[in-house]
Structures are given as C-alpha cells and as structure tokens.
Amino acid sequence: MRRTYPMSKRLLVTLLVVGLGVCGLQAETLPLVKDILKSPTGYLFTKDEKKALEKLGSEQEVNKFMELFWAKRDPDLNTQVNEFKADFEARVKAADKMFAVGSTPGSLTDRGKVLILLGRPTRASNLPAGAAVQGAQRDTGPYEDRGATEIWVYTKDRLPQGLVKAEEVWAVFIETRVGSNEFILDRTDPRNVAVMKVLADMPEALVKNPKLTEVPRLGLLPGSKAAKPEDLALLDKGEVWPEGALSFVAEGVVSTSLNPVWLYLQLPDAVGPAASVVGRVSKAEGGEVGTFVKDITPLSVSGGRGYEFSIPLDAGNYQLRIALLDAAKNLLVAKTFSFELSGVPETGTVISPFYWGVDVRQEATAHLGDPFNIGGWHVIPRASNAYTSKENLAYFCYILHPTMDENGKADYRVSLAVYKDDKKLNENADQPVNLSQVAPDLWMFGNGLPLSVFRKSGDYVLEVRLRDARANVERTARIPLSITVQ
Numbered sequence: 001m002r003r004t005y006p007m008s009k010r011l012l013v014t015l016l017v018v019g020l021g022v023c024g025l026q027a028e029t030l031p032l033v034k035d036i037l038k039s040p041t042g043y044l045f046t047k048d049e050k051k052a053l054e055k056l057g058s059e060q061e062v063n064k065f066m067e068l069f070w071a072k073r074d075p076d077l078n079t080q081v082n083e084f085k086a087d088f089e090a091r092v093k094a095a096d097k098m099f100a101v102g103s104t105p106g107s108l109t110d111r112g113k114v115l116i117l118l119g120r121p122t123r124a125s126n127l128p129a130g131a132a133v134q135g136a137q138r139d140t141g142p143y144e145d146r147g148a149t150e151i152w153v154y155t156k157d158r159l160p161q162g163l164v165k166a167e168e169v170w171a172v173f174i175e176t177r178v179g180s181n182e183f184i185l186d187r188t189d190p191r192n193v194a195v196m197k198v199l200a201d202m203p204e205a206l207v208k209n210p211k212l213t214e215v216p217r218l219g220l221l222p223g224s225k226a227a228k229p230e231d232l233a234l235l236d237k238g239e240v241w242p243e244g245a246l247s248f249v250a251e252g253v254v255s256t257s258l259n260p261v262w263l264y265l266q267l268p269d270a271v272g273p274a275a276s277v278v279g280r281v282s283k284a285e286g287g288e289v290g291t292f293v294k295d296i297t298p299l300s301v302s303g304g305r306g307y308e309f310s311i312p313l314d315a316g317n318y319q320l321r322i323a324l325l326d327a328a329k330n331l332l333v334a335k336t337f338s339f340e341l342s343g344v345p346e347t348g349t350v351i352s353p354f355y356w357g358v359d360v361r362q363e364a365t366a367h368l369g370d371p372f373n374i375g376g377w378h379v380i381p382r383a384s385n386a387y388t389s390k391e392n393l394a395y396f397c398y399i400l401h402p403t404m405d406e407n408g409k410a411d412y413r414v415s416l417a418v419y420k421d422d423k424k425l426n427e428n429a430d431q432p433v434n435l436s437q438v439a440p441d442l443w444m445f446g447n448g449l450p451l452s453v454f455r456k457s458g459d460y461v462l463e464v465r466l467r468d469a470r471a472n473v474e475r476t477a478r479i480p481l482s483i484t485v486q
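Using UniProt numbering, the first residue of the sequence shown is number 1, and each one after it goes up by one.
In structure tokens form, the structure reads like this:
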C-alpha cells in the first residue's frame, strides 16, 4: 500500500531535500588551483591558505592570491628579488635533476619534498639493499627484501628556530625495490616521527609576514617604492638642470646576473640639498620598465653635493627620466639620460669598464652592486674632469672569470699612454699587475697615478689598457684629464 503524506508534510520533505542538495553543492575547483596544489608549491600552503585558494572563482583572483602568497614568505620586502622564492625554485630544479623516477619529476617524490622544505641535510648516509634497519614490515614483504636505505640528518640549527627541541631530526628513505631508485619516506620507521611532524609544521614556519594584506609595490632602486601618479607628474614638467650641475653614467658590471647602470649627479652648493628622487625607466623603443621614489641623502664632495644611484636592468637600450626634489617637494633637477647596457655573457673572461676619480673612500660594509664601489673602494666620479697636479688619480675595474694557470695564478698586464691633441706624448708598456679576489669568480684591479707627472696645465687623455695575457681579452679606458699645475 502506497503511503501518502498530508500536503504540509510533503512540502516539508521537498524543502528538506532541496535544502540538503543546495548545501551539498560546491563550486568546481579551478584547474589552475588544482595544478598549483599538485605542484611542489603545494608543499608550502598552510591549511587556511589551501581553503582560501580553493574558494577562488577566477584565474585573476588566483594570480592575485599567489602574489600575496609569495610576498608573505619574502624575508626582505625592501628588495626586488624574493630570496625565498628564488631559493625554492632552485631547490625544485635540484630535486628534479637528482630524484626523478620514470615520468615522475624528482620534486614530486618524497626525497624531493624533504629537500624543498628542509634544504640539504647536515649529513647523509646510505645503506645497501638488505641491510638490517629498524622498521616494521609492510604488505609487500619484509624490509630485507626491499632496496637500499638513505638516511638524512638535520641538526637543530638547520631548521626554523623553535620548530624542534631535539638536537637532530632524521629522515629515513627506503627504496621500494632493489635498483628502482624510487625512495619513499618510511612511515613505519619510528625515527621518521619527528621529521613528519616537522614537514607538517614547515608551511606555517616559512611564513615571514603573516599580517601582510597586500603586495608591496617596489621601485627599481634598492629600498625604493614604485612611484605614484602624483610623483610621476613631476617628471613631465620639462628639463630642469641648474648651472654648474654635472652628471656621469657608467655600466656597472658585477656578475652575469647583476649588471646595473650607475648614475652620478652633482649639484653646486647654491642649489641646496635634495631630499628625494623620482624616476622612470623606459626602453629606448618604447615601453615602461619600472619606476621608483625614494628618500635620499647627499654625499659631501668637492664643489657641491653628490647623489649616486644603481639601477639593476637587463642588457638593452634605455631612457631614464629622473627628478631630484628638496624637502618641500620643489623640483631641483629633471633630466633624461639615454644609455646602453651590453650585458655579461655566462662564460668567458670579462673585464668591466674602468671607474676613476681622486676621491676614493674605503667602505668595508659595501655590497656588490653599490654605485661606483669596486671591492669596497668607493670611487667618487670627477664629472667635471678637472684636476690639479697635487691630486692622485685612482682607477679600478672588475674582472669576471679571469683565466688562471694550474697554480691559480692570473697573468694580467697594464699599459698606460698619455695623449694631448690626439698626439701620444709617452707610453708605459705592458707591466704585470696583481688582482684581488672579491667573490667567487670575481676579482678586481686597482692602481693609481700621481698627477704631478704632468708639468704643464692643459687637456690630456690618459689611456689605460688592462690585458689578460692568457685569454687574449682586454679593456681600454680613455680618461679625460683637464690638468691645472699648482
């Protein structure tokens, strides 16, 4: 017999069914989100971040979310490079190279995950197949029937502070079968209890900026912010170049990846100090590269105040529009500079341009890429080219990948020549010189010349040529000198 319900009960049942159906519906997770969570990046997500990501409804929202995701892990928000992301990508690349199994990328294996999250172990050991190792049996058979064992040990100092109390954490990997090269983290081994907890806690531990709500918009200059529309409007007010102002532009070759343009501006004392800078870099063929706005402090130099800037860029032709402002936002300078960066090849010996001056300051805390700083020697450019016979000229350059003999010795020669009105007055032929190491694969050369060698006032050109005698590579600089004999 068919059972019937009164109308009110039937309506209630219908509403409950519909209601339950609606409550059970969930928006389909975007393919982009699935790809992210299946990738090595998925190792980094906290539980809350994973839930938030899965709720997003468009790729635009996902991309914006991921920008903030990486920024929250950036150890230094004041630099253009996210050091954490760069290190993460390097670890993924290393894992893919070392641990790939068949069609599975190495970064998606257990060893890859541990390497990516924890880095390289403090020490590691290997045991051959069949060695007696602590661990339980699995459905596939006794432990002795499986392949080799790898043990990675992480000391406490290699892990985020406060994450573990023990002095060491072990990760024990077993080969699924002899010769397969497929190693899995043995969940049955009690020594892996600690590392499994560490792996679970790492996503939270790696977040450096948990309260960050938007991605900082950085400028091209280190420590700068991206310029706002009201800042950029100052660049469109025409040329402002005070009488007595000087400038000098150079290519700052430091490494294969760091090849900035260095700009020096000098303003006479009558102009007053600048308090901030605004700039925009564009490609010569069109298209904005980036902007910057930053507070600045002048250098005290002979004849006024100096301002130095180092802007990291790729090889190419550029235009830089720059403005200096005083504390009241009055425009002191507005000028456009055009320049070319040749770039640095990945291999082979490279001698950088020369940098010269008579005001040389030793700065032990300098960083690679700081403007007109060569291995801790800060060379203030003499943009006027005016010198006296009582001064000493210093000139420096960097050398990347110098050619060495079997004893680690380089063979470099320097020659000097002096010209006046395109006529060679004298020459000092090849003289052996020593190089000083600044960093791996990076060396420097520096020398000086007392300008008292000039007996008459006038305009001269000092030609400096540095040559790698083994690699047949050389660099020549022609330094203009307007000498006043005193």
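Note that CB positions come from ideal geometry on N, CA and C, so glycine has one too. In this text the structure is predicted, and so the values were computed from the model without any measurement.
Less than 8 angstroms between the CB atoms is what I'm expecting for residue i and residue j, so what's the real figure, rounded?
{"i": "LEU451", "j": "THR349", "result": "Rounded, the Cβ-Cβ distance is 31 angstroms, inconsistent with contact."}
{"i": "TYR154", "j": "VAL172", "result": "Not quite, the Cβ-Cβ distance comes to about 12 angstroms (not below 8 angstroms), so this is no contact."}
{"i": "GLU204", "j": "THR41", "result": "The pair is not a contact, with the Cβ atoms about 16 angstroms apart (cut-off 8 angstroms)."}
{"i": "THR336", "j": "GLY219", "result": "Between GLY219 and THR336 the Cβ distance is about 18 angstroms, and since that is not below 8 angstroms, they are no contact."}
{"i": "ALA275", "j": "TYR307", "result": "Incorrect: roughly 11 angstroms between the Cβ atoms, too far for contact."}
{"i": "VAL473", "j": "PHE339", "result": "Incorrect: roughly 23 angstroms between the Cβ atoms, too far for contact."}
{"i": "ASN78", "j": "GLY316", "result": "Actually they do not touch by this definition, with Cβ atoms about 25 angstroms apart."}
Drop a sphere of 10 angstroms on the beta-carbon of residue i, count the other beta-carbons inside from all chains shown, and report buried for 16 or more, exposed for fewer.
{"i": "SER302", "result": "exposed"}
{"i": "ASP468", "result": "buried"}
{"i": "ASP139", "result": "Low local confidence applies: a pLDDT of 43 at ASP139 is under 50, so the model's placement there is unreliable, with the coordinate-based value given in what follows. Exposed, because fewer than 16 other Cβ atoms sit within 10 Å of the Cβ of ASP139."}
{"i": "GLN310", "result": "Note on residue identity: the sequence assigns Ser, not Gln, to residue 310. So SER310 ends up on the buried side."}
{"i": "PRO75", "result": "exposed"}
{"i": "GLN266", "result": "buried"}
{"i": "GLN137", "result": "Here the model assigns GLN137 a pLDDT of 43, short of 50, so the residue's position is not dependable, and the following value carries that caveat. Per the 10 Å Cβ criterion, exposed."}
{"i": "HIS378", "result": "buried"}
{"i": "GLY102", "result": "exposed"}
{"i": "ALA328", "result": "exposed"}
{"i": "ASP35", "result": "exposed"}
{"i": "GLU391", "result": "buried"}
{"i": "PRO312", "result": "buried"}
{"i": "SER125", "result": "exposed"}
{"i": "GLY106", "result": "buried"}
{"i": "ALA148", "result": "buried"}
{"i": "ARG217", "result": "exposed"}
{"i": "ALA132", "result": "Any reading at ALA132 is ruled out, since the residue's pLDDT is 49, under 50, leaving its predicted position unreliable."}
{"i": "THR109", "result": "buried"}
{"i": "MET196", "result": "exposed"}
{"i": "PRO480", "result": "exposed"}
{"i": "ARG361", "result": "exposed"}
{"i": "ALA410", "result": "buried"}
I need the straight-line Cα distance from residue i to residue j, nearest angstrom please.
{"i": "SER180", "j": "MET98", "result": "14 angstroms"}
{"i": "LYS294", "j": "LEU258", "result": "21 angstroms"}
{"i": "CYS23", "j": "SER58", "result": "Low per-residue confidence applies at CYS23: pLDDT is 42, beneath 50, and the placement is therefore not dependable, though the value from the model is reported in the following sentence. Near 22 angstroms, if we compare the C-alpha coordinates of SER58 and CYS23."}
{"i": "LEU185", "j": "ARG123", "result": "17 angstroms"}
{"i": "ALA200", "j": "LYS165", "result": "16 angstroms"}
{"i": "SER342", "j": "ILE351", "result": "12 angstroms"}
{"i": "PHE354", "j": "VAL461", "result": "14 angstroms"}
{"i": "LEU221", "j": "THR104", "result": "41 angstroms"}
{"i": "TRP262", "j": "VAL333", "result": "17 angstroms"}
{"i": "SER39", "j": "SER300", "result": "53 angstroms"}
{"i": "GLY369", "j": "ARG187", "result": "48 angstroms"}
{"i": "THR484", "j": "GLY448", "result": "18 angstroms"}
{"i": "LEU56", "j": "ARG305", "result": "53 angstroms"}
{"i": "ARG465", "j": "ARG475", "result": "6 angstroms"}
{"i": "GLY141", "j": "VAL178", "result": "At GLY141, the pLDDT of 45 sits below 50, so the modelled position is not reliable; the number obtained from the coordinates is stated separately. Roughly 13 angstroms separates the two Cα atoms."}
{"i": "VAL253", "j": "ALA383", "result": "20 angstroms"}
{"i": "LEU44", "j": "LYS225", "result": "28 angstroms"}
{"i": "VAL192", "j": "GLU49", "result": "According to the sequence displayed, residue 192 carries Asn and not Val. Their backbone Cα atoms lie some 26 angstroms apart in a straight line."}
{"i": "THR176", "j": "PRO345", "result": "44 angstroms"}
{"i": "GLN134", "j": "LEU117", "result": "Legend: pLDDT at GLN134 = 48, less than 50; position of this residue unreliable, no value from coordinates given."}
{"i": "PHE65", "j": "VAL33", "result": "11 angstroms"}
{"i": "ALA227", "j": "GLN80", "result": "14 angstroms"}
{"i": "ALA477", "j": "PRO381", "result": "14 angstroms"}
{"i": "GLU251", "j": "ALA366", "result": "18 angstroms"}
Against chain B, does residue i count as a neighbour if the rule is that its beta carbon must be under 7 angstroms from one of theirs?
{"i": "ASN259", "result": "Included in the structure is just one protein chain, with no chain B present."}
Could you tell me whether the Cβ atoms of residue i and residue j are closer together than 7 angstroms?
{"i": "LEU400", "j": "VAL358", "result": "no"}
{"i": "ALA95", "j": "GLY112", "result": "yes"}
{"i": "VAL438", "j": "VAL414", "result": "no"}
{"i": "ALA386", "j": "LEU212", "result": "no"}
{"i": "LEU68", "j": "VAL215", "result": "yes"}
{"i": "PRO190", "j": "TRP152", "result": "no"}
{"i": "THR403", "j": "ALA323", "result": "no"}
{"i": "GLY272", "j": "ASP231", "result": "no"}
(message) Under 8 angstroms: do the region 223-236 and the region 269-289 share three or more Cβ pairs, one atom per stretch?
(response) yes
(message) Three or more C-beta pairs under 8 angstroms: does that hold for the region 372-389 against the region 434-454?
(response) yes
(message) Can you confirm whether the region 236-251 touches the region 419-437 when touching is taken to mean that 3 or more C-beta pairs between the two stretches lie within less than 8 angstroms?
(response) no
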